[in-house]
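*Asks:* Supplied in structure tokens, the structure appears directly below.
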Amino acid sequence: MLKALKKSGLEQSAIAEVFKPDPVQPKGLELPDLNDPDWKGHGARADRQMSPVVYDSQGRPVPQAWLEQGWSARPANEVIRRVVVREARELLAALKNAEPGDEILLSPGVYRIQSRNIEIILGGSALHPVVVKAKRLGDVVIELDSQEGFWINGPYWTFENLEFKGVTKNHDYGEHAFHIVGGGQGFVLRNCRLHEFNAMIKANGYRGRDGETRYPDNVLLENNHFFNSEIRRTRNPVTFIDVVGPDNWIVRGNLIADFCKGEGDRISYAAFLKGNSSGGVFENNLVIGEYRTAGGVRVGLSLGGGGSGARFSRNESNEVEHTGGVVRNNIVMYCSDVGLYLNKSRDTKVFNNVFYRTMGLDVRFPVSSAVIRNNLLSSRIEERDGGLSVQDHNLVADVEDFKNWFQRPDEGNFNLKDGEDLIDQGVAMDQIREDFCGQARTNRPDLGALEYGKDSSGCASVLGL
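For any residue, its number in the working numbering is found by taking its place in the sequence shown, counting from 1, and adding 723.
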């Protein structure tokens, strides 16, 4: 109904308030502080140990878990030059003068930067990326009083163990922590916290002086926190990971929560890949639409989003929004709209996800096609406006069933109470070798994001409760 009112120009009217959805999260639920320095749940953690980023022969960053499954990559490379910085001015100089193989190490402290953006044109290579890091998450906070933070048009940059906080009071102005454009291929963001932005990550094509539009392909966003502490007071798009056109993005192991814009159509997304992009992967993410705030229309993950204009799309074609996407082992909770929206998304694989207290999963428009298997939902799977899917081994239940199966699902505790309906009920596939916790799947996998054949108690309580 809110979408219909928007088309009529009545999204801010009194009648719109009547149709405003009730909060999805149960009343009185107290969830942990997402900025807790001792966070033990999913996403970014101070105690996380990481190996150097490695790239395959095509320059794609490869998650460590994929290496363990046999994915081939070049050996990690040693740092050529270490640059230690202690204040914002030194950081900006190190970024401007970076060379392949640099490690820019930030000393503990708060780095406040006031600028429209921080332009990065130089970069590294797959053999010698540029790494910007703190020794430990929590040591460094980068405060951005800017429109879009880091504007990345150079290749092979890695940022890790850092907190990025938007401090711009005007929510129409404080847009992005990172805007990654044409030459920003091979970008990696790991074990970072990003909050108080409209879109923490924005990515799109960029037309160079030669007239050719290039896209920042081959990107890895892994084990980060994306959240806001309040509803954004803006009509501008609020989508924490907003990607239009680039190929081969891996969005893995992140916690994405409280995405909401408070003005205009009030429709927000956790993350989408669209604009005639391809090869995207959403895996092992925890998405919680309503965490500390409620309101608006919150959509979880999407391939296709709300659609793209042809001139913004790869090859200036928007007949297809995404091709060959994979959505697996995610847990999506507390979304007032669907947990997964496939909009003109062709040849999509949706395997072993949990959609709890959402409106389920939509496959929309004739170009959309999906294979949907081994998923666990408290709502429905719907083919809309000609969308097609192959569905098997999915279990659509209600909230009470979830409470019978799991210890405290409302609090993100998915340890089993009774798993008779879930264990060994899935179908084996090469594309699901691990579960949400990184444990190996069996030849008779369990339904949903977690594999209970082994002890999953180490992470099945996804918020660390």
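The C-beta atom is built at its ideal place from N, Cα and C for all residues, glycine as well. If you're wondering where the values come from, they're calculated on a predicted model, not measured in any experiment.
#1: Express the C-alpha separation of Asp981 and Asn951 in angstroms, rounding to a whole number.
#2: Ignoring anything shorter than 3 residues or poking outside the segment 966 to 1020, list the beta strand (DSSP E) runs there in chain order.
#3: Look up Lys858 in the DSSP assignment and say whether it is helix, strand or coil.
#4: Please specify which runs of the beta strand (DSSP E), each continuous and at least 3 residues long, are wholly inside the segment 744 to 825, giving them in chain order.
#5: From Val1022 to Ile803, what distance separates their C-alpha atoms?
#6: In this structure, what does DSSP give as the bridge partners for Gln837?
#7: Mark Glu826 as exposed unless 16 or more other C-beta atoms lie within 10 angstroms of its C-beta, in which case mark it buried.
#8: Would you mind reading off the limits of the beta strand (DSSP E) that contains Val1049?
#9: Is the beta carbon of Asn876 sitting closer than 8 Å to the one on Ile844?
#10: Assign Asp988 to one of two classes, buried (16 or more other C-beta atoms within 10 Å of its C-beta) or exposed (fewer than that).
#11: Alpha carbon to alpha carbon, how far is Gln748 from Asp1133? Give it in angstroms, no decimals.
#12: What alpha helix (DSSP H) runs, 4 residues minimum, are completely inside the segment 876 to 936?
#13: How far does the beta strand (DSSP E) with Lys691 in it reach, from first residue to last?
#14: Gly793: buried (16+ other C-beta within 10 angstroms of its C-beta) or exposed?
#15: Compute the beta-carbon to beta-carbon distance between Gly905 and Thr881, rounded to the nearest angstrom, for a pair I have assumed lies under 8 Å.
#16: Evaluate Glu753 with the Cβ neighbour count: other Cβ atoms within 10 Å of its Cβ, from every protein chain shown; 16 or more gives buried, anything less gives exposed.
#17: Return yes when the Cβ of Ala849 is within less than 8 Å of the Cβ of Gly928, no when it is not.
#18: For my contact list, Ile954 and Thr891 are in at a C-beta cut-off of 8 Å; report their separation, rounded to the angstrom.
#19: Does the Cβ of Glu1143 have 16 or more other Cβ atoms within 10 Å, making it buried, or fewer, making it exposed?
#20: Exposed or buried, which one is Ala799 when buried takes at least 16 other CB atoms within 10 Å?
#21: Just the C-alpha distance for Leu1118 and Lys1072, rounded to the nearest angstrom, thanks.
#22: Suppose the cutoff is 8 Å on Cβ atoms and the five residues either side in sequence are ignored; what does the same chain contact list for Gly732 look like?
#23: Could you tell me which of Leu1065, Ala1093, Ser1059 and Gln1130 sits nearest to Ser1211, measuring between CA atoms?
#24: Buried or exposed for Glu1174, please, with buried defined as at least 16 other CB atoms from any protein chain shown within 10 angstroms of its CB.
#25: Taking 8 Å as the cut-off, decide whether the C-beta atoms of Gly931 and Gly968 are in contact.
#26: Going by beta-carbon coordinates alone, are Gly1028 and Asn971 separated by less than 8 Å?
#27: Would you identify the three-state DSSP class for Phe742, choosing helix, strand or coil?
#28: Taking Leu818 as the reference, which of Gly1032, Val854, Asn1053 and Ala1183 has the closest Cα?
#29: Identify every residue that forms a DSSP beta bridge with Ile964.
#30: Starting from the Cα of Arg771, find the closest Cα among Gly861, Asp756 and Gly751 and give me that residue.
#31: Give the DSSP bridge partners of Glu1157, in chain order.
#32: Under a three-way DSSP split, which group does Val1122 fall into?
#33: Could you give the DSSP three-state label for Val1133: helix, strand or coil?
#34: Take the Cβ of Lys856 as the centre, count every other Cβ of all protein chains shown within 10 Å, and call the residue buried at 16 or more, exposed below.
#35: Assuming contact is defined by CB atoms lying nearer than 8 Å, are Gln961 and Val1004 in contact in what I supplied?
#36: Just the Cα atoms here: how many angstroms apart are Met1152 and Gly832?
*Replies:* In this structure, then:
#1: Here residue 951 refers to the residue found at position 228 when the sequence shown is read from its first residue. Here residue 981 refers to the residue found at position 258 when the sequence shown is read from its first residue. Near 6 Å, if we compare the C-alpha coordinates of Asp981 and Asn951.
#2: 972 to 975, 978 to 980, 990 to 997, 1004 to 1006 and 1009 to 1011
#3: By 1-based counting over the sequence shown, the position of residue 858 is 135. Correct three-state label for Lys858: coil.
#4: 804 to 808
#5: By one-based count along the sequence shown, residue 1022 stands at place 299. By one-based count along the sequence shown, residue 803 stands at place 80. Going from the Cα of Val1022 to the Cα of Ile803 covers about 43 Å.
#6: Looking up residue 837 in the sequence shown gives position 114. Answer is Asp868.
#7: Counting from one through the sequence shown, the residue named residue 826 turns up at place 103. It is buried - the Cβ of Glu826 has at least 16 other Cβ atoms within 10 Å.
#8: Residue 1049 sits at position 326 when you count from the first residue of the sequence shown. Here the beta strand (DSSP E) through Val1049 covers Val1049 to Arg1051.
#9: Mapped onto the sequence shown, residue 876 falls at position 153. Mapped onto the sequence shown, residue 844 falls at position 121. In this structure, Ile844 lies closer than 8 Å to Asn876 by Cβ.
#10: Looking up residue 988 in the sequence shown gives position 265. Asp988 should be labelled buried.
#11: As a first step, residue 1133 is located in the sequence shown; it is residue number 410 there, counting from the start. As a first step, residue 748 is located in the sequence shown; it is residue number 25 there, counting from the start. Rounded to whole angstroms, Asp1133 to Gln748 spans 8 Å at the Cα level.
#12: none
#13: For the chain, the structure presents residues 724 to 1188; residue 691 sits outside this window and is missing.
#14: Reading the sequence shown from its first residue, position 70 is the one you call residue 793. Exposed, because fewer than 16 other Cβ atoms sit within 10 Å of the Cβ of Gly793.
#15: On the sequence shown, residue 905 is found 182 positions in, with the first residue counted as 1. On the sequence shown, residue 881 is found 158 positions in, with the first residue counted as 1. 19 Å between Cβ atoms; not a contact.
#16: Walking along the sequence shown from the start, residue 753 turns up at place 30. Exposed: under 16 other Cβ atoms inside 10 Å.
#17: In the sequence shown, residue 928 corresponds to position 205, counting from 1. In the sequence shown, residue 849 corresponds to position 126, counting from 1. No, Cβ-Cβ distance for Gly928 and Ala849 is not below 8 Å.
#18: To locate residue 954, count along the sequence shown from 1; it is residue 231. To locate residue 891, count along the sequence shown from 1; it is residue 168. Ile954 to Thr891, Cβ: 15 Å. No contact.
#19: Here residue 1143 is taken as the residue at index 420 of the sequence shown, counted from 1. Classification for Glu1143: exposed.
#20: Your numbering for residue 799 matches position 76 in the sequence shown. Around the CB of Ala799, fewer than 16 other CB atoms lie within 10 Å, so the residue is classed as exposed.
#21: Locating residue 1118 in the sequence shown gives position 395, where the first residue counts as 1. Locating residue 1072 in the sequence shown gives position 349, where the first residue counts as 1. Rounded to the nearest whole angstrom, the C-alpha separation of Leu1118 and Lys1072 is 17 Å.
#22: The residue you call residue 732 lines up with position 9 of the sequence shown. Because the pLDDT of Gly732 is 49, which lies under 50, any placement of that residue in the model is unreliable, and the question is left without a value.
#23: It is not possible to answer for residue 1211, since the shown part of the chain is limited to 724 through 1188.
#24: To locate residue 1174, count along the sequence shown from 1; it is residue 451. Counting the other Cβ atoms within 10 Å of the Cβ of Glu1174 gives 16 or more, which makes it buried.
#25: Your numbering for residue 931 matches position 208 in the sequence shown. Your numbering for residue 968 matches position 245 in the sequence shown. Not in contact: Gly931 and Gly968 (Cβ atoms no closer than 8 Å).
#26: For the purposes of this step, residue 1028 is taken as the residue at position 305 of the sequence shown. For the purposes of this step, residue 971 is taken as the residue at position 248 of the sequence shown. No, the Cβ-Cβ distance between Gly1028 and Asn971 is not below 8 Å.
#27: In the sequence shown, the residue the question calls residue 742 occupies position 19. Any reading at Phe742 must be qualified, since the residue scores a pLDDT of 47, below 50, and its modelled position is unreliable; no value is offered.
#28: Numbered from its first residue, the sequence shown carries residue 818 at position 95. Just measuring C-alpha positions, the residue of Gly1032, Val854, Asn1053 and Ala1183 sitting nearest Leu818 is Val854.
#29: By 1-based counting over the sequence shown, the position of residue 964 is 241. DSSP output for Ile964 lists Ile924 and Ala994 as bridge partner(s).
#30: Locating residue 771 in the sequence shown gives position 48, counting from the first residue. Taking Arg771 as reference, the option from Gly861, Asp756 and Gly751 with the minimal CA-CA separation is Gly861.
#31: Taking the sequence shown and counting its residues from 1, one reaches residue 1157 at position 434. Partner(s): Ala1163.
#32: Counting from one through the sequence shown, the residue named residue 1122 turns up at place 399. The three-state reading of DSSP puts Val1122 in helix, counting H, G and I together.
#33: As a working note, residue 1133 is residue 410 in the sequence shown. Checking the sequence shown, residue 1133 turns out to be Asp, not Val. Asp1133: helix per DSSP, three-state reduction.
#34: Translated into the one-based positions of the sequence shown, residue 856 becomes position 133. Only buried fits Lys856, as 16 or more other CB atoms lie within 10 angstroms of its CB.
#35: By one-based count along the sequence shown, residue 961 stands at place 238. By one-based count along the sequence shown, residue 1004 stands at place 281. Contrary to the premise, residue 961 reads as Val rather than Gln in this sequence. In this structure, Val961 lies away from Val1004, with their beta-carbon atoms at least 8 Å apart.
#36: In the sequence shown, the residue the question calls residue 1152 occupies position 429. In the sequence shown, the residue the question calls residue 832 occupies position 109. Just so you know, the alpha carbons of Met1152 and Gly832 end up roughly 47 Å apart.
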